[in-house]
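A quick write-up on the structure given underneath.
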Amino acid sequence: MKKIILIVLVTVLIYNYGISQSETYWSSGSEMIFSFATIDDNGSESGNIMRWAPVFNLQAMFNYDIGKNFGLFTGIAVRNVGYIYDNYTLIENEQEIIVKKKFRTYNLGVPIGIKLGNIKKMFFYGGYEFEMPFHYKEKTFRDEKKEKFSAWFSSRVEQFQHAFIVGIQFPHGANIKFKYYVSSFHNQNYTETSGSKPYEGLNSNIFYFSLNYNLFTPVKKYMKKDGGKEYF
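Counting in the working numbering, the sequence shown runs from 17 upward without gaps.
Structure below.
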């Protein structure tokens, strides 16, 4: 009985200590994305080119730090995600023509994850992010000419995207993130009015590296003069 009471007391003390050390705050930051894709286009796996997307990628994080070395985060983000494929097969007049394509969507995302390490200096983080594409754009490059079209809430792509993230937060606000989308980018069952399926057999999973700044630094800190010194 004494052991049970002791365990309960220790648990309560640890819990109260954690609560007393906890902190909640909002942070925000932009994101510069360097994206690639693993592609399986009806058996062909070549043709991916790096895509650079410096804009518009905005993130707002709600942080719950439980002590100095562990924290949780969630939030909301808008980002420019896509890939370049220069081995796309276009069927025209019953002939196959190879063209370059650029695909991208603007996504609304909600991440959830954990932070491990010195929360105010350097730490690792990881988690999951749910995203919903809301604007689609496709560009076709052929014979030195460019064609493009775009659409809101297009069924050309999967309605929901699921991804895993890992990253490192460095002192002075610098941040590197890696993200992998387990969902295929395109809806392979999409059918045009002509009856053709332009993405049938095109299985592409995007992954990217990104550079971020002040992603987890409290807004109230760096908006004040010398307010963010403890994070540098």
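Using N, Cα and C, we set each Cβ at its ideal position, and we do this for glycine too.
### Query
Does DSSP classify residue 235 as helix, strand or coil?
helix
### Query
residue 77: buried (16+ other C-beta within 10 angstroms of its C-beta) or exposed?
buried
### Task
Go to residue 110, then tell me how far its beta strand (DSSP E) extends in each direction, as first and last residue.
Element bounds for residue 110: n/a, residue is neither H nor E.
### Task
Under 6 Å Cβ to Cβ from residue 216, same chain only, skipping five residues before and after it: list those, please.
204
### Message
Among the candidates 149, 223, 154 and 160, whose CA atom is the shortest distance from the CA of residue 181?
### Response
223
### Task
Taking 8 Å as the cut-off, decide whether the C-beta atoms of residue 138 and residue 185 are in contact.
yes
### Query
With respect to the beta strand (DSSP E) encompassing residue 145, which residues constitute its N-terminal and C-terminal limits?
139–158
### Message
Suppose contacts are defined by Cβ-Cβ distances below 8 Å. Is residue 152 in contact with residue 173 by that definition?
### Response
yes
### Message
Restricting to Cα atoms, I'd like to know which of 167, 72 and 187 is closest to residue 48.
### Response
72
### Message
Spatial neighbours of residue 61 within its chain, please: C-beta separation below 7 Å, excluding the five flanking residues on both sides.
### Response
55
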